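Residue numbers (this note's numbering): 81 to 208.
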């Protein structure tokens, strides 16, 4: 289990580095006014925003904010199937989902990586 979280953390860290390098490369190629440090600062800020938004949406989805929308789509698509295996009402759907779903803290991985990226952005901004 810890290996899974470690690999996920490395994946998000790699994603942050890729976003940072992509933004820095884009800024240095499109404008000569940017220095390398300012391009890295902007890249780490963009990666921080992306990863913090990812973590926030993961938290919102895990807490059930879009359950009614998911229930509506399952009801619509179950009409096209021959076997109707979906729940009859929304309450039963929530109870089935609650029994299958466990609340984990996986949203903290992109949030912590985003905060780390934001700290790097602040430190590079202070050294400009």
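All C-beta atoms in this analysis are idealised placements derived from N, C-alpha and C, irrespective of residue type, glycine included.
Keep in mind that this is a model prediction, so the values were computed, not measured.
For chain C, check one thing: does any of its Cβ atoms lie closer than 8 Å to the Cβ of residue 139? Although the question refers to chain C, the structure presented lacks it and comprises just one protein chain.
Three-state secondary structure assigned by DSSP to residue 160: coil
Okay, do the region 189–207 and the region 118–125 touch, 3+ Cβ pairs below 8 Å being the bar? yes
Separation of residue 114 from residue 204, as counted between CA atoms: 13 Å
Taking 8 Å as the cut-off, decide whether the C-beta atoms of residue 92 and residue 202 are in contact. no
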